[in-house]
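>
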Amino acid sequence: MAAKRYWLLKSEPETYSIEQLEQDGATSWEGVRNYQARNFMREMKKGDRVLFYHSNANPPGVAGIAEVVREAYPDSFAWDPKSHYFDEGSSPEDPRWDMVDVGFVERFPEVLPLPVLREDPSLEGMELLRKGSRLSVQPVSKEHFDRVVKLARKPR
DNA sequence: GCCAACGTTGGC
DNA sequence: GCCAACGTTGGC
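Each number in this note's numbering corresponds to the 1-based position in the first sequence with 33 added.
1) Is the separation between the beta-carbon of G94 and that of L147 shorter than 9 Å?
2) Using only CA atoms, which one of G58, R129, E157, K164 lies nearest to Q69?
3) Among L150, K187, V181, which one has its Cα closest to the Cα of V83?
4) Does DSSP put E160 in a helix, a strand or coil?
5) Around the C-beta of F119, are 16 or more other C-beta atoms found within 10 angstroms, so that it is buried, or is it exposed?
6) Here's the rule: buried if 16 or more other CB atoms are within 10 angstroms of the residue's CB, otherwise exposed. What is P92?
7) For a test of the three-state rule: what should DSSP assign to P148, helix, strand or coil?
8) How about the stretch 63-77 and the stretch 99-109: do they share at least three Cβ pairs that are nearer than 8 Å?
9) In three-state DSSP terms, what is D108?
10) For H87, does the count of other Cβ atoms within 10 angstroms reach 16, so buried, or fall short, so exposed?
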């Protein structure tokens with residue numbers, strides 16, 4: 034079995050928050066419409082751990098932990114004309130986009146704000162912190178993952 | 001609301 | 001293959 038990998042998923046809490054994931058237990062991660070992000074989702078394996086990031090939030094930051102509970106499968110929202118995520122270039126016969134399912138693991142006592150992450154020297158090089166980074170699905174090193182979790186659990 | 005940084009599209 | 005125009009992301 035391959036070693037567990039670590040990821041970060043962005044979500045606008047107004048669309049879907051860690052609180053909702055806690056309530057739901059698990060959810061499908063539809064709506065990724067970026068090829069690089071899709072390709073990362075295709076690499077995800079069951080059991081991989083995920084930092085759940087709140088974007089476009091106040092403050093933006095890491096809100097908790099999720100895990101991959103189902104590996105990549107076609108995103109059916111892409112061929113639903115009523116869906117916000119509809120893409121006429123995708124069809125059941127020739128799916129263009131994939132999604133995974135993620136399950137709830139942990140909700141941090143407080144969102145770990147982006148500025149706090151930026152201040153931490155040991156997180157240097159993290160994709161999230163790169164200027165202009167917009168990728169909504171990104172790999173995270175084990176070292177960075179562990180560091181973020183440690184910071185999130187430490188009382189501030 | 002502003003705008004920088006991207007990704008995509010399409011004319012050439 | 002180049003690149004301008006356009007749309008989107010997401011911090012601030």
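Glycine included, each C-beta is placed from N, C-alpha and C at the ideal position.
So, to answer that:
1) It is a contact, given that the beta carbons lie within the stated cut-off.
2) Looking at the Cα atoms, R129 is the closest of the given residues.
3) When only C-alpha atoms are compared, the closest one is V181.
4) DSSP places E160 in helix when its eight states are reduced to three.
5) F119 should be labelled exposed.
6) The residue is exposed, with fewer than 16 neighbouring Cβ atoms inside 10 Å.
7) It is helical.
8) Contact between the stretch 63-77 and the stretch 99-109 is present: 3 or more CB-CB pairs across the two stretches fall below 8 Å.
9) Looking at D108 - three-state DSSP - the assignment turns out to be coil, as it is neither helix nor strand.
10) With 16 or more Cβ atoms within 10 Å of its Cβ, H87 is classed as buried.
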